[in-house]
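The listed protein sequences derive, respectively, from chains A and B.
Quick note: the first sequence uses our numbering, first residue 34, plus one each step.
Quick note: the second sequence uses our numbering, first residue 34, plus one each step.
Here a beta-carbon is modelled for each residue, glycine too, at the ideal position from N, C-alpha and C.
Number of protein chains: 2
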Amino acid sequence: MAGSRVTIKDLAEKLNLSTSTISRALHNHPTIGKKTIQDVRKLATEMGYLRNSVASNLRRNKTNLIGIIVPRIDINFHSRAISGMEEVAYKSGYNITICQSNDSYEREVANTQTLLANMVEGVIGCLALKTKNCNHFARFKEHDIPLVFYDRVCYEIESSKVIIDDFEAAFRATEHLVSIGCRRIGHIAGSQTTGIFVSRLEGYKAALRKNKIPINHNLICFPEDLSYESGLECARKFARLTKLPDGIFCANDYTAISVIQLFKKLNIKIPQDVAIVGFSNYPVSTIIEPALTTIDDRAFEMGQAAAKLLIRQIEDKNLNIASETIIIKTDLIIRESTQRQMLIKSEI
Amino acid sequence: MAGSRVTIKDLAEKLNLSTSTISRALHNHPTIGKKTIQDVRKLATEMGYLRNSVASNLRRNKTNLIGIIVPRIDINFHSRAISGMEEVAYKSGYNITICQSNDSYEREVANTQTLLANMVEGVIGCLALKTKNCNHFARFKEHDIPLVFYDRVCYEIESSKVIIDDFEAAFRATEHLVSIGCRRIGHIAGSQTTGIFVSRLEGYKAALRKNKIPINHNLICFPEDLSYESGLECARKFARLTKLPDGIFCANDYTAISVIQLFKKLNIKIPQDVAIVGFSNYPVSTIIEPALTTIDDRAFEMGQAAAKLLIRQIEDKNLNIASETIIIKTDLIIRESTQRQMLIKSEI
DNA sequence: AATATTGACGCAAACGTTTGCATAAATGGA
DNA sequence: TCCATTTATGCAAACGTTTGCGTCAATATT
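Right, here's the structure in full:
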């Protein structure tokens, strides 16, 4: 491929020096003479020398490469997380290589193979929805390659994790509904095979219990997935109830938006009749009318934290830090979909 | 790093064979005996052998690595494009490594250095907004590394390009407005230092000329950028005109949405009073009410096309394909923001 | 039976860097 | 003047694979 790339040997010949001296000069090694260093660097830029990091990596047994496995790059949450990882990696001199699992177990296994073969020094992963066991990730541990999960993490093997406190966030979201006067609070739940959605449901229930509101199973909807369309199904179910809920906490923003839009068509007033809270703070939540109260998922910060943690583990070779869990603080962002007071005021 | 990784030598010792035989066996070389191949493969999986691709890459002078430089990963357009690239790369056995320029020229230069040092076999790039010259990309050509730009491309150096026909798309969008009866058609333009936005403005003008509608410079707004906030500025300007436009073609969806939302607040009816067309088909364009008519930018397809083209150039070592330009067909997606007929019907 | 052919494998160099150790020249101190 | 120290550089091996060429035995050909 390289159209006759300049190597360290070429520099050595031109300057009548050995390759070792060149190599050391380029690294500012203390035992190399000032003038030699200058000469070498000058010639290097003149001839357009570029270190062949493949060779360097082989020799040093170091790649400065971080592997990332995500379900899909084009999901907003993940692209923001990756963006955070890239930033931290760049500043620390690491490169990133990205694989998509497309939420498929087989593809995720293939991804781990690829990363292992490419000698990544650490891995950041978010489990595919279809993944039920994490044996394929265990291979990283066998090779002493640090592993950090984010969002959808693996509990079966020892690994570091960066998560948000879904329970607490859901709890807070639900209590917020209570605080504005809701008593019949519904929930659109995510797949109960995934930890984060279990926590969100539990947080919701806990908030009700704390406020002595009985849990009404008719008000909890379990759609097939958390897509806009599935959200509409739930919204229709809610609308058909003899008595409407007066607040709904949705496990993500898509379903929250579908509820808002269907209810508006049915002339159900938001937030006066029903207040809505979503989860994730997707860009669309500021656009929808009324703007959606939601939990900010801090994707960028999660990515940053995951990368920082990973790099720390890569560079601290004493494996004392067996594993670590970072919990990112979430924010409840209050917007119009739960702002009853203001609207009442303006109605006066 | 590797916790005593199994190498080809280990396999060779165990089987009393030479490393060359092992290597060939693992590649199913025809001169290796059937039984030997079986034995080798069996032991390899037993011992958990994994090819060290760094060493392999060095020897073969091949990395199977594609470098990608994008302004930002977390912009929907780019994350979809990357997703398309990754898919094609994965199927062809290539890995991708991603750099963000953050729309900064300096960072983009640094990115090219990184990719060169890592011996990428090809590069896909989208220019940073701040980038005014592409000399740093010329270095790839010096090293015979194929280069494909997408969306924001570079005309100064010979390179392949994947673009949409912005002129044609803008022309079609504007003609669509004409076809539903608009005669005072406004435009929110992007930065005229960037080719794609020039083309969109030209397409708009051409459509007006073709339909014998005079170009009214009061109806063309040049905001600082194409953010939601800047869009609001333009929307206010339009609203202050003594005579409102009856249609607006916006250079992206964000500004289109800001216009819709401001006009709604001002009780300007969309599409009856003013019809709106955006550009990009961002997810939010289906959520906004009324849903936004827009041009689908085919980001995923652009990414696929760019990766396919690049891989073809990598593998066709006869550099006959000096450069190639692919123009992706766009779609005009008609939604409520320009559907006057239907609304009129339903009003009857 | 002697030679040609085929099949199966090993030798050793190469890819471009890095690095422990040795060496040579220059300087200092006695 | 001689030895010890410092300074600056070179030698050569190593990282793990791949690959052109050579070798050797077994089989086929005459």
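For the pair of segments examined, the region 258 to 275 of chain A was found not to touch the region 323 to 339 of chain A: the number of CB pairs separated by less than 8 Å stays below three. The beta carbon of D199(B) sits closer than 6 Å to those of I229, S232 and R233, all from its chain and outside the five residues before and after it, given in chain order.
Within the region 321 to 342 of chain B, contact with chain A at the beta-carbon level (separation under 7 Å) is assigned to I321 and E322.
With contacts defined as CB atoms closer than 8 Å, Q337(A) and G117(A) qualify as a contacting pair.
At least one CB of chain A lies nearer than 8 Å to the CB of R84(B). The C-beta separation of C167(B) from L148(B) comes to about 14 Å, leaving the pair out of contact by the 8 Å criterion. Residue pairing of Y287(B) in beta bridges, as defined by DSSP: absent, with no partner found. Just so you know, the alpha carbons of I197(B) and S86(B) end up roughly 37 Å apart. One finds nothing in chain A with a Cβ atom closer than 8 Å to the Cβ of P278(B); even the nearest lies about 22 Å away.
Residues of the region 205 to 230 of chain B with a C-beta less than 8 Å from any C-beta of chain A: none at all. For Q133(A), DSSP records a beta bridge to V103(A).
CA-CA distance, Q146(B) to S356(B), rounds to 22 Å. Taking C-beta atoms under 8 Å as the contact rule, V310(B) and A206(B) qualify, at a distance of about 5 Å. By the C-beta criterion, the region 311 to 321 of chain B is judged to be in contact with the region 275 to 290 of chain B, since at least 3 inter-stretch pairs fall below 8 Å. In the DSSP assignment, S193(A) falls within the unbroken beta strand (DSSP E) covering S193 to I197. A distance below 8 Å between beta-carbons, with the five flanking residues on each side excluded, links G219(B) to the following residues of its chain, in chain order: L252, I253, C254, F271, P278, G280, I281 and F282. For T64(B), DSSP records no beta bridge to any residue. Nearest Cα to R269(A) within the set S224(A), R242(A), A240(A) and L299(A): L299(A).
Residue pairing by DSSP places T358(B) opposite K194(B) in a beta bridge. If only uninterrupted alpha helix (DSSP H) runs of at least 4 residues are considered, those enclosed by the region 227 to 308 of chain A are 228 to 243, 261 to 273 and 286 to 298. At the C-beta level, L44(B) and L91(B) stay beyond 8 Å of one another. Using a Cβ-Cβ cut-off of 8 Å, T147(A) counts as an interface residue toward chain B, since at least one Cβ of chain B sits closer than that to its own. Here V103(B) is not near T130(B), since their CB atoms are 8 Å or more apart.
Cα atoms of S260(B) and V39(A): separation of roughly 45 Å, rounded to the nearest angstrom. Checking the DSSP bridge columns, you'll see T371(B) has no partner listed. If you check each beta-carbon in the region 129 to 140 of chain B against every beta-carbon of chain A, the ones closer than 7 Å belong to I129, T130, I131 and Q133. If you draw a straight line from the Cα of I367(A) to the Cα of K124(B), it is about 44 Å long. In the structure shown, V156(A) adopts extended strand secondary structure according to DSSP, grouped into three states. Residues of chain A with a Cβ closer than 7 Å to the Cβ of L91(B) are, in chain order, V87, A88 and L91. Under the three-state reduction of DSSP, I213(B) is assigned to coil, being neither helix nor strand. A direct Cα-Cα distance of roughly 11 Å separates K302(B) from E322(B). Per DSSP, the beta bridge partners of G219(B) are I281(B). Distance from the CA atom of R84(B) to the CA atom of H60(B), rounded to whole angstroms, is 11 Å. Take E191(A), set aside five residues on each side of it, and the residues of its chain with a beta-carbon closer than 8 Å to its own are K174, A355 and S356, in chain order.
Between H169(B) and V186(B) a beta carbon distance of about 15 Å is seen, past the 8 Å cut, so the two are scored as non-contacting. With fewer than 16 other CB atoms across the displayed protein chains lying within 10 angstroms of its CB, G126(B) is exposed.
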